[in-house]
Amino acid sequence: MLQKGFILPNVNYRQANESIPFAEWNMKVPVSLRPWPKGKRFVSVNNFGFGGSNAHCVLEKAPPTLARGYNESNIGPRLVVLSGNDKDAVGRLKAI
Numbered sequence: 116m117l118q119k120g121f122i123l124p125n126v127n128y129r130q131a132n133e134s135i136p137f138a139e140w141n142m143k144v145p146v147s148l149r150p151w152p153k154g155k156r157f158v159s160v161n162n163f164g165f166g167g168s169n170a171h172c173v174l175e176k177a178p179p180t181l182a183r184g185y186n187e188s189n190i191g192p193r194l195v196v197l198s199g200n201d202k203d204a205v206g207r208l209k210a211i
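Sequential numbering of the sequence shown, starting at 116, is according to the numbering used here.
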């Protein structure tokens, strides 16, 4: 969304809750793909964990960067963490 400049539709939205003053708060629920308005771009991300944890993050579009060319010298080690409920599950992930 931030990178490409489009606001994605909410596919499960059907009807507004009448208790929420959308017009008063200048809020709209996107129901179709539309271009992001000019100016700064911010997006809010929420995550609720199974054990009751909650996280919220507000992100701003990053400034443009210069692309680096691909070559063997700029490829360094990478950490890839695999997790599963048991050894078999981790083994299946390693095979991917």
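All C-beta atoms in this analysis are idealised placements derived from N, C-alpha and C, irrespective of residue type, glycine included.
Taking Val144 as the reference, which of Val126, Asp203 and Pro192 has the closest Cα? Val126
Residue span of the alpha helix (DSSP H) that contains Ala210, given as start and end: Lys202 to Ala210
Three-way DSSP call (helix, strand, coil) for Phe137 in this model: coil
Distance, Asn200 Cα to Met116 Cα: 33 Å
Please name the residue, chosen from Val146, Asn161 and Gln118, that lies closest to Cys219 on a Cα-to-Cα basis. Nothing can be reported for residue 219, as the shown portion of the chain is limited to 116 through 211.
Of all the options Gly206, Trp151 and Val146, which has the alpha carbon lying nearest to the alpha carbon of Lys176? When each option's Cα is compared against that of Lys176, the closest is Trp151.
Report the rounded CA-to-CA distance for Met142 versus Glu133, giving the unit in angstroms. Between Met142 and Glu133, the C-alpha separation is close to 13 Å.
Leaving out five residues before and five after Gly120 in sequence, what residues of the same chain have Cβ atoms less than 8 Å from its Cβ? Pro150, Trp151 and Arg156
Take Ser147 and list the residues in its own chain whose beta-carbon comes closer than 8 Å to its own, dropping the five residues that flank it on each side. Counting only residues of its own chain and dropping the five nearest sequence neighbours on each side, Ser147 has a CB closer than 8 Å to the CB of Pro124.
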